[in-house]
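Worksheet for the structure shown next.
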Amino acid sequence: MTNTRHGAPADAARVLRRSWPHLPWTDVRIARGAFHHVLLLPPRAVIRVRNGAEHARATDREVTIATTLSWAGLGSPGPLGDPVHRKRWSAAAYEFVEGAGFTARRWSEDRHVLLGLLEAWADAGRRVPGLAGSLPQPRAWCGGDAWPSLVDRLTAGQEALRSAARKRVRAMLDLEAEANGSLVHGDFGPHNIVLPASGGRGVLIDTDHASWADPAIDIAPLLASYPEHELAADIPRPLLSRATAHRRTLSLQVAAAAWLRGDHRLREHALGNFARRIRSADPQW
């Protein structure tokens, strides 16, 4: 079973305690994400455990991304040593970022935090040499260049769904080809922002999807939390238009990543979301 709802691998905690005995194991808290089992060991570490297909390759990629970003001075959590690989799972420990989670309110209230983070990441892309060549290609987490063909395979036998998916994937890729690349987080939004207890700028965590890509990738998730007309007051229309195209494909990206991992439950959930949105005939989709 690879869906994180089924719990972490049975031997993971025992092996990881032995691998990282210096970490504070007395008050472990358990959490989960879409692709990881998470062990929180405040105030020192967050351990993220992956199982399923390609767990070692994915974990190594995520550690490389976090290491690369540690050069950029953005405060994002860096790795604590080398990952641990076992036959059925892999794990990596990262710095624990102390602070409060960020809850979406109104754009007028949140814009200073979100725009500040977007600009800080864009500035790091301009300021830090070598980032463009050190980060993975866009959507490496869900297949990279193979992602469109994965979407075709996932929608085989469902002609209406496949046609809708192809149309949206093609439109997004065509628009993306016109954009200048920048440093992007790849899963930007309130759910991945920590406001440090010491004050100052927020910190973006969970950097697994970071890449050198169209900056519209980081605008797309904001459309789920804030009205487009409010975002338009601060975000140029061409960038916002590309973000809308990216947002239309997000469920297809999750579906492909789930398929690669062997998580059939998440794959079907993501495809179902895409199908429901298409059937709704809502113009935003």
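Going by full-length UniProt numbering, the sequence shown opens with residue 1, and the numbers climb by one from there. Beta carbons: idealized from backbone N, C-alpha and C, even for Gly.
- Annotation: the region 103-160 contains the following complete segments of the alpha helix (DSSP H) (minimum length 4 residues), in chain order: 107-127, 131-134 and 147-154.
- Rounded to whole angstroms, the Cβ separation of V28 and A91 is 13 Å, and the two are not in contact under 8 Å.
- Short of 6 Å from the beta carbon of S182, and not among the five residues preceding or following it, lie these beta carbons of its own chain, in chain order: A122, G125 and P215.
- Bridge partners of G99 according to DSSP: P196.
- Taking each of A213, G99, I205 and H246 in turn and checking the Cα distance to L222, the smallest one comes out for H246.
- Exposure of L115 is indicated by the presence of fewer than 16 other C-beta atoms within 10 angstroms of its C-beta.
- Of the other Cβ atoms in all chains shown, 16 or more fall within 10 Å of the Cβ of N192; this residue is therefore buried.
- A residue is called buried when at least 16 other Cβ atoms come within 10 angstroms of its Cβ; R88 does not meet this threshold and is exposed.
- By the criterion of a C-beta distance shorter than 8 Å, P227 is surrounded in its chain by W107, once the five residues flanking it on both sides are discounted.
- Bounds of the alpha helix (DSSP H) holding W259 are L250 to R261.
- Membership of A13 in the alpha helix (DSSP H) is indicated by the continuous run A12 to S19.
- Under the three-pair Cβ rule at 8 Å, the region 247-255 counts as touching the region 163-172.
- Contact annotation, L131 with W212: C-beta distance approximately 7 Å; criterion of less than 8 Å satisfied.
- Burial check for R267: the Cβ neighbour count within 10 Å reaches 16 or more, so the residue is buried.
- With respect to the 7 Å criterion, P236 and G99 are not classified as neighbours on the basis of their beta carbons.
- Of all alpha-carbon atoms in V113, V97, E95 and R18, the one lying nearest the alpha-carbon of T103 is that of V113.
- Between L23 and R44, the gap from beta carbon to beta carbon is short of 7 Å.
- Judged by their CB atoms, W141 and D208 are nearer to each other than the 7 Å cut-off.
- Each of R18, H37 and S76 was checked against the Cα of A210, and the nearest Cα belongs to S76.
- By the C-beta density criterion, P129 is exposed, having fewer than 16 other C-beta atoms within 10 angstroms.
- Rounded to whole angstroms, the separation of the alpha carbons of A270 and A258 is 9 Å.
- In this structure, the straight-line span from the alpha carbon of H36 to that of L117 is close to 25 Å.
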